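Since the structure comes first, as structure tokens, the remarks are kept for the end.
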Amino acid sequence: MTASDSKSRKEMMSPLNETVARPSMCPFCGGKAVDTLAKVITVTTYWRCRECDKTWTIASQTPSPRRT
Ligand SMILES: [Zn+2]
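Below, the structure written as structure tokens:
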């Protein structure tokens, strides 16, 4: 009986390797001219808006609950 087969599967499910959809607009000004230098798009990919020149990542763009 071998019980170690399911262990190696978890490495392929790393959230950093997940491909995500490219943002359709800038979260700051709503401009559609967003650009990136990354070849692989992940949640930590930096995006830049050509209209307001701000940068962001999808990870930081996702609203997270904050305690005040
Ligand atoms: Zn913008």
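The opening position of the sequence shown corresponds to residue 1152 in my numbering, with each subsequent residue numbered one higher. In this text, a Cβ means the ideal position worked out from N, Cα and C, and glycines have one as well. Only a predicted model underlies this, so the values are computations on that prediction, with no experimental measurement involved.
Any C-beta of chain C under 8 Å from that of residue i
i: Arg1218; result: Chain labels in this structure do not include chain C; a single protein chain is all it has.
Residue range of the unbroken alpha helix (DSSP H) whose run includes residue i
i: Ser1211; result: 1209-1212
Coil, strand or helix - residue i by DSSP
i: Val1171; result: coil
i: Cys1180; result: coil
i: Thr1206; result: strand
Identified DSSP bridge partners for residue i
i: Cys1280; result: In the structure displayed, the chain extends from 1152 to 1219; residue 1280 sits before or after that span and is not available.
Within 8 Å, strictly: CB atoms of residue i and residue j
i: Ile1209; j: Val1194; result: yes
i: Arg1145; j: Thr1187; result: Only positions 1152 to 1219 of the chain appear in the structure, and residue 1145 is not among them; the question remains open.
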